[in-house]
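Visitor: Here it is: the structure, laid out below.
Number of protein chains: 4
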Amino acid sequence: MTQTESKTKVNVKLGENNYGKAEVNLMKINRDSKRHEIRELQVRVGMTGDFDAAHSRGDNSELIATDTVRNTIYGLAKEGFGSSPEEFGKELVAHFVKTGAKVTGGFMEFTEHLWDRVQVNGQGHDHSFVRQMPKRTGRVESADGKSFKVTSGIEELYVLKTTESGWEGYLLDERFTTLPETHERVMATFVTAKWEYNEGSVDYDAVWTKVFKQLQETLTDHYSPSLQNTLYLMGEAVLSACPEISRIWFRMPNKHHLQYNLGRFGLENNLEIMHVDPEPYGLMEGWVERA
Amino acid sequence: MTQTESKTKVNVKLGENNYGKAEVNLMKINRDSKRHEIRELQVRVGMTGDFDAAHSRGDNSELIATDTVRNTIYGLAKEGFGSSPEEFGKELVAHFVKTGAKVTGGFMEFTEHLWDRVQVNGQGHDHSFVRQMPKRTGRVESADGKSFKVTSGIEELYVLKTTESGWEGYLLDERFTTLPETHERVMATFVTAKWEYNEGSVDYDAVWTKVFKQLQETLTDHYSPSLQNTLYLMGEAVLSACPEISRIWFRMPNKHHLQYNLGRFGLENNLEIMHVDPEPYGLMEGWVERA
Amino acid sequence: MTQTESKTKVNVKLGENNYGKAEVNLMKINRDSKRHEIRELQVRVGMTGDFDAAHSRGDNSELIATDTVRNTIYGLAKEGFGSSPEEFGKELVAHFVKTGAKVTGGFMEFTEHLWDRVQVNGQGHDHSFVRQMPKRTGRVESADGKSFKVTSGIEELYVLKTTESGWEGYLLDERFTTLPETHERVMATFVTAKWEYNEGSVDYDAVWTKVFKQLQETLTDHYSPSLQNTLYLMGEAVLSACPEISRIWFRMPNKHHLQYNLGRFGLENNLEIMHVDPEPYGLMEGWVERA
Amino acid sequence: MTQTESKTKVNVKLGENNYGKAEVNLMKINRDSKRHEIRELQVRVGMTGDFDAAHSRGDNSELIATDTVRNTIYGLAKEGFGSSPEEFGKELVAHFVKTGAKVTGGFMEFTEHLWDRVQVNGQGHDHSFVRQMPKRTGRVESADGKSFKVTSGIEELYVLKTTESGWEGYLLDERFTTLPETHERVMATFVTAKWEYNEGSVDYDAVWTKVFKQLQETLTDHYSPSLQNTLYLMGEAVLSACPEISRIWFRMPNKHHLQYNLGRFGLENNLEIMHVDPEPYGLMEGWVERA
């Protein structure tokens, strides 16, 4: 062992912690009829509890190996996972609380990769699929393995409108404001959303589909004076359509599409030739809640 | 200037080379009617010619600045780019051969990001769009700015079938073969394709749409004994549907979906619970050509 | 405007929220002597306050444009940013609280890209630099623009040891445990850490350098019975070396290096030929705090 | 099987093709002394030959399974791989030509992840390592399994100089040139290089180290009138230092560091506050060869 400068050690203790397995890539295929159904999840499971002995003394006797966690995820996917990923998450967390001597709670997070059926002559094919871009996400956590807090979400929903959007009437900083106002611009954003539920049973799959529809439709139904206002209206639409949802959070970057300066070359540009600027971007985050 | 060991320099010369601008992110919006049309390209332009003076003597007098290349891409997008990205590429390369004293040829490469219309009540919206996953690609090159070689392509088309695929009867290596044979497996691949054209005029947009359809449909119409065979059949389908295409190349990784070993836990697994293994993957590349 | 099904709207309100600019890529060069100094930051600024009017009514009159935020970041980088990124963050947040009518607080997050001097004849060069892999991170937040909570961190520190590590004596799950025990393995992890400070002034640059050193040295000074124990010992080492730090958090994936099964081919493998498995990985998170 | 429109099939044939295994992640650890040595490679192997039967008729009988390729890579890493990755590549390709009935040639490509020893009290540690940013690459190919063409390379070498660089005297396009000239700027590039060898035996490891040094030192030893000229001088330096190398190719993006316009805010900016623009970037590619 290497010699290092002798160090005086101070007294420390373990704070909040968890451990588990991440990036478990799982596909479950339902072959009950010839029209197959598939679900593909990337799963992370984290366990919480009293793991002080392992951390501070190197005593592993109360630790479930993360390799066991992986085996369990695949095993319970066979025995359970009969409906939504959120319900599967509850099964997983409950299992580890039951089997881990020192495990008192935990969480399961997932990203679901979405597949559509391949279209042949206008029909979705029985067993051929093509991957879609947006992703479904979720997190199930529990302090006791019995009651659960569920959050569902969506990622990588990239939407854009070419008109009915502006940015004007904002606060002017004497020194640092240089941007001109406009009532006509291109607006684009890469929506990340997550939402929480009211008490009671929820059909998580059905709710997700409704939210996905609302987020897209809201883009079309108003003049947007700011990304902040559109964020709010998306929240309002979701809460109106989905009584199961208690509140919803958005992260919405403003993917700037800037009119390229063609006047220098004697050319007009009426929002026709745009520079899609990758950075820096305005970034809006916020919850919309029931009043 | 820093002192370094004195070095004896040998005689060198410039070989094949090009320079230009990459990652020019451009959106062109057609606002001629209230039903807007958008196209989003990431463009790279490279110029070839006699650039020895700049390289070997630091004499820039014959170099077009790459910033000028950027301005030109946006400027010509306004004046031209009336049909496909491939035709726009020809306009660009021809322009630089004309304006660059020492530019004799060049190429334009693009990745087109595809957008669908947002659906509202079953109708595509006039000015709201949602990004799709597959990407359209292309490359136009010319040695003289007059005649062009065009290659078109597709990337990130991720397809999967849950049955009608196997892998058996292959060569056994005495020592290193451990994989069992199967006539029932999940097959998935992330298709990259590119194709070349016969002489004559081409409607590049129409051809692309036909290829995109053929690649998906072929997945559904045969039992696949190997990814190699499916690659070949995809090529056959494309060449049959598109007389404009002379040959087509594929890169198709075998995205392995492995049956997780649940027998260890007393559970059956009839290709139901799969591990989606990110690596290592079989990788097939090949051209399919007219006989 | 598109017609959609008429929807009954429910009453909603804005919850916790912030907005600002992200991915502002800034380099500050100190040219005061011929030995230049550079710092490169990717900065995000978020502002908090009463932004209800903008969200719920589309009234922008109290909003600072995010473009103004960008200008301000570059402007204040010139006038301020005399020492660490953390102190620069305080300057930025204080500024926006002062200039934004409705801004009551906010945060600044940064990722610092680290550059070493190019070595020539054993000396670091005056003005030539080469990028390093690990990244320095930080977040400064304030509820009032006057008092600040500072968190500093490190990312992408990828370390590995080829011996003096094991994993044994862990809890056996009757059904799902299949992993054999070992007292000799390869251990590797991609360290993400962040830490908080005690009251009082801090030399953030000096502390970061000490943490960076401790995290690497700790890897070498003990037999590791688990990644959890190494996490704890890293925390102990940092808290011992840096009295300014109150507590430190780690995220440490277990980058599995698995002995490839060569026995099937009649070959021995004494931890010599390893498969570097990208997934799934054990993932440990935890705080180490002063007792 | 799904019914699709009946399609008339045209006659096609297989063109140039290869198949094999990609992203095989391998670490070899030399434990012969207590000072361990490690090498980490990501390997791809492709085989060429007459694979028509598999492609056109679904006859796999002459195909080596890619799973066998993976096993072989790990197996031969144990038995061979005694010196450089390039020599290991030759062993692999020769093996597949020998064992694959229809394999006549092939290639092996690698990316080597580089690790330094962790420093403790100024000494590199015996068995603890920390990952570095630049990557070593290479490709070995053969048409017959006996004679080989070797290309070696480097990737992700990100270098920057804060002075001794300019861009002036370039060709002005009447319409599209807007960039001002300068004799003082920041120059940065993310070097990708690859080189070929003269006949004769080569110590690939030693050559790589020399190239790595030359590329960095050249940055420091001249005023750069253009990235093209620096590319050329890097080539000259490498060819002067390494008689084994016949020619070298570079891809060098111009990572623009633009002086942010602070004049609008009444602030001077003498190349002190820079915007690190991620796109679009000038991109230079070229070979430097022996005259």
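Quick mapping for you: the protein sequence lines, in order, are chains A, B, C and D.
If you're matching positions, the first sequence starts at 1 in this note's numbering and goes up one per residue.
If you're matching positions, the second sequence starts at 1 in this note's numbering and goes up one per residue.
If you're matching positions, the third sequence starts at 1 in this note's numbering and goes up one per residue.
If you're matching positions, the fourth sequence starts at 1 in this note's numbering and goes up one per residue.
Ideal Cβ positions, reconstructed from N, Cα and C, are used throughout, including at glycine.
1) Going by beta carbon distance, what residues of the same chain come within less than 6 Å of C/Ala143, once the five residues before and after it are set aside?
2) For D/Arg35, is the classification buried or exposed, using 16 other Cβ atoms within 10 angstroms of its Cβ as the cut-off for buried?
3) Does any residue of chain B bring its CB to less than 8 Å from the CB of D/Thr4?
4) By the DSSP assignment, the alpha helix (DSSP H) with D/Thr218 in it spans what residues?
5) Going by DSSP, what residues sit across from C/Phe107 in a beta bridge?
6) Within the same chain, show all residues whose beta-carbon is closer than 6 Å to that of D/Glu112, passing over the 5 residues directly before and after it, in chain order.
7) Can you give me the C-alpha to C-alpha distance between B/Gly166 and C/Val276, rounded to a whole angstrom?
8) Could you round the C-beta distance between D/Val103 and D/Phe96 to whole angstroms and report it? I think they count as a contact, below 8 Å.
9) From the DSSP output, in three-state form, read off A/Asp126 for me.
10) Output yes if chain A places a C-beta closer than 8 Å to the C-beta of C/Glu16; else output no.
11) Hey, out of D/Lys78, D/Glu23, D/Gly138, D/Ala65, whose CA is closest to B/Glu279's CA?
12) Within 8 Å (strictly less), CB to CB, does B/Val12 reach chain D?
13) Is it the case that the Cβ atoms of C/Lys90 and C/Phe148 are separated by a distance below 8 Å?
14) Looking at chain A, is there any beta carbon in it that lies within less than 8 Å of the beta carbon of B/Thr163?
15) Is C/Thr230 helix, strand or coil by DSSP?
16) Among residues of its own chain, excluding the 5 on either side of C/Gly46, which ones have a beta-carbon nearer than 6 Å to its beta-carbon?
17) Please state if the CB of A/Val191 and the CB of A/Ile154 are separated by a distance shorter than 8 Å.
18) Please identify the residue among D/Lys28, D/Leu233, D/Leu239, D/Val43 whose C-alpha is closest to the C-alpha of D/Trp208.
19) Just reading off the alpha helix (DSSP H) that D/Ser56 is part of, what are its end residues?
20) Out of C/Ala291, C/Glu289, C/Leu267, which has the shortest C-alpha to C-alpha gap to D/Asn71?
21) Can you tell me which of the three DSSP states D/Thr177 falls into?
22) Let me confirm a value: B/Gly200 is counted as buried when at least 16 other C-beta atoms fall within 10 Å, else exposed. Which label applies?
23) Applying a beta-carbon distance threshold of less than 7 Å, which residues of chain C neighbour B/Thr178?
24) Three Cβ pairs or more, each shorter than 8 Å: is that satisfied between the region 254-264 of chain B and the region 55-68 of chain A?
25) Apart from the five residues just before and just after B/Glu196, which ones in its own chain have a Cβ nearer than 6 Å to its Cβ?
26) For D/Gly80, which residues in the same chain have their Cβ closer than 7 Å to its Cβ, ignoring the five residues on either side in sequence?
27) For C/Gly80, does the three-state DSSP call read helix, strand or coil?
28) Can you round the beta-carbon distance between C/Ala193 and C/Lys255 to whole angstroms, since I take them to be within the 8 Å contact cut?
29) Whole angstroms are fine: how far does the CA of A/Thr163 sit from the CA of A/Asp173?
30) Below 9 Å on C-beta distance, what does C/Lys194 contact in chain D?
31) Using DSSP with H/G/I as helix, E/B as strand and the rest coil, what is D/Val186?
32) Going by CA-CA distance only, name the one from D/Ser128, D/Lys161, D/Ala77, D/Pro253 that's closest to C/Gly124.
33) Assuming C/Ser128 and D/Val159 are in contact, meaning their beta carbons sit under 8 Å apart, how far apart are those beta carbons, in whole angstroms?
34) Can you name the residues of chain B whose CB is closer than 8 Å to the CB of D/Gly75?
35) What is the rounded straight-line gap between the Cα of B/Gln132 and the Cα of A/Gln214?
36) Below 8 Å between beta carbons: does that hold for A/Asn11 and C/Ala241?
Guide: Inspection of the coordinates gives the following:
1) Gly105
2) exposed
3) With a pLDDT of only 47 at D/Thr4, under 50, the local geometry of the prediction cannot be trusted, and the value read off the model is given with reservation. Taking Cβ atoms only, chain B reaches closer than 8 Å to D/Thr4, which makes this a yes.
4) 204-220
5) C/Gly46, C/Glu141
6) Leu41, Pro85, Arg136
7) 28 Å
8) 5 Å
9) strand
10) yes
11) D/Glu23
12) yes
13) yes
14) yes
15) helix
16) Asn18, Gly20, Gly106, Phe107
17) yes
18) D/Leu239
19) 52-57
20) C/Leu267
21) coil
22) exposed
23) Arg264
24) no
25) Thr151, Ser246, Arg247
26) Phe88, Glu91
27) coil
28) About 16 Å; that fails the 8 Å criterion.
29) 27 Å
30) Within chain D, no residue comes near C/Lys194; the closest Cβ sits about 19 Å away, beyond 9 Å.
31) coil
32) D/Lys161
33) 7 Å
34) Arg175, Phe176
35) 18 Å
36) no
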